[in-house]
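Trainee: Let me give you the structure first, and then I'll get to my questions.
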Amino acid sequence: MDFAAWPAAVSGALSGVIMLMVVKLMKLAGMHLQINLVRIWGAMLGLRGTPMLIAGWIVHLIVSATIGVAYAGIFSLAGAARRTWLWGLSIGVVHWIMGGFFLALVSATRTETPEERPAPGPFGMNFGLGDVLAFLLAHLVFGVSVGILYPLVSRRRRGVPGR
55 MDFAAWPAAV SGALSGVIML MVVKLMKLAG MHLQINLVRI WGAMLGLRGT PMLIAGWIVH
115 LIVSATIGVA YAGIFSLAGA ARRTWLWGLS IGVVHWIMGG FFLALVSATR TETPEERPAP
175 GPFGMNFGLG DVLAFLLAHL VFGVSVGILY PLVSRRRRGV PGR
């Protein structure tokens, strides 16, 4: 598969939204989850309240787009032209591991006080097993989503006249 940065970024941003929807659906299904990636991103910037949530969304979308580009680069380097959803699932495991270590760093540098929200800890372990599983599932869904969306968005872009 030929590498295309903009379709990869779009696929990553959309997958970032889908990833958050998975966690939201788990909460709606009755799981008591504390993990909130948007809130974590915003709090890292030292913000609180609505500005924290707005900034958190912006950062999450930018990071998701960037990670989508990385996924597409791996697809391209691996010559993955088919079953990119499976490649995405596999990369999603690595993405989850890296994200889990990132949450450990967040725990050390976060700006919210423990009274407001406890530190997530590595992989969200301080929040409980449900949060660890939600964090895993969200990253696996992100990978599968990029694997499905990237070829579709790439094809659509190539099909537009004048590009």
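With the working numbering as the guide, the letters of the sequence shown map in order to residues 55 to 217.
All residues carry an ideal CB built from backbone N, CA and C; glycine is no exception.
The structure displayed is predicted, hence computed values, not measured ones.
For a minimum of 4 consecutive residues, which ranges assigned as the alpha helix (DSSP H) are wholly contained in the stretch 110-190?
Mentor: 138-163
Trainee: If you pair each beta-carbon of the stretch 142-154 with each one of the stretch 198-209, do three or more pairs fall below 8 Å?
Mentor: yes
Trainee: Go through its chain and collect everything with a Cβ distance to MET106's Cβ below 8 Å, but skip five positions before and after it.
Mentor: As a working mapping, residue 106 is identified with position 52 in the sequence shown. Only ARG93, GLY96, ALA97 and LEU99 meet the Cβ criterion.
Trainee: If I measure Cβ to Cβ from VAL177 and keep anything under 7 Å in the same chain, skipping five residues before and after, which residues do I get?
Mentor: Counting from one through the sequence shown, the residue named residue 177 turns up at place 123. Rather than Val, the amino acid found at residue 177 in this sequence is Phe. Cβ within range, chain order: GLY154, LEU157, VAL186 and PHE189.
Trainee: Which same chain residues, not among the five before or five after GLY146, have their C-beta less than 8 Å away from its C-beta?
Mentor: In the sequence shown, the residue the question calls residue 146 occupies position 92. The beta carbon of GLY146 lies closer than 8 Å to those of HIS193, LEU194, VAL195, PHE196, GLY197 and VAL198 in the same chain, with the five residues before and after it left out.
Trainee: Using three-state DSSP, classify HIS86 as helix, strand or coil.
Mentor: One-based indexing of the sequence shown puts residue 86 at position 32. Of the three classes helix, strand and coil, the one that applies to HIS86 here is coil, per DSSP.
Trainee: Taking all protein chains shown into account, do 16 or more other C-beta atoms lie within 10 angstroms of the C-beta of HIS114, making it buried, or fewer, making it exposed?
Mentor: Residue 114 sits at position 60 when you count from the first residue of the sequence shown. Buried, since its Cβ has 16 or more Cβ neighbours within 10 Å.
Trainee: Between LEU79 and HIS86, what straight-line distance do the alpha-carbon atoms span, to the nearest angstrom?
Mentor: If you number the sequence shown from 1, residue 79 lands on position 25. If you number the sequence shown from 1, residue 86 lands on position 32. Going from the Cα of LEU79 to the Cα of HIS86 covers about 11 Å.
Trainee: Is it buried or exposed for ILE121, if we count other Cβ within 10 angstroms and need 16 for buried?
Mentor: For this step, residue 121 is matched to residue 67 along the sequence shown. Only buried fits ILE121, as 16 or more other CB atoms lie within 10 angstroms of its CB.
Trainee: Would you kindly work out how many angstroms separate the C-alpha atoms of ILE116 and ALA62, rounded to a whole number?
Mentor: For this step, residue 116 is matched to residue 62 along the sequence shown. For this step, residue 62 is matched to residue 8 along the sequence shown. Cα to Cα, the separation comes out at about 12 Å.
Trainee: At what residues does the alpha helix (DSSP H) containing ALA97 begin and finish?
Mentor: For the purposes of this step, residue 97 is taken as the residue at position 43 of the sequence shown. Bounds of the alpha helix (DSSP H) holding ALA97 are 91-98.
Trainee: Report the rounded CA-to-CA distance for ALA173 versus ASN180, giving the unit in angstroms.
Mentor: Reading the sequence shown from its first residue, position 119 is the one you call residue 173. Reading the sequence shown from its first residue, position 126 is the one you call residue 180. So the alpha carbons of these two residues sit roughly 7 Å apart.
Trainee: Just how far apart, CA to CA, sit ILE108 and ARG102?
Mentor: Here residue 108 is taken as the residue at index 54 of the sequence shown, counted from 1. Here residue 102 is taken as the residue at index 48 of the sequence shown, counted from 1. The straight-line gap from Cα to Cα measures roughly 10 Å.
Trainee: With distances taken between CB atoms, is the gap from VAL207 to VAL64 smaller than 8 Å?
Mentor: Stepping through the sequence shown from its first residue, residue 207 is reached at position 153. Stepping through the sequence shown from its first residue, residue 64 is reached at position 10. Going by C-beta atoms, VAL207 is nearer than 8 Å to VAL64.
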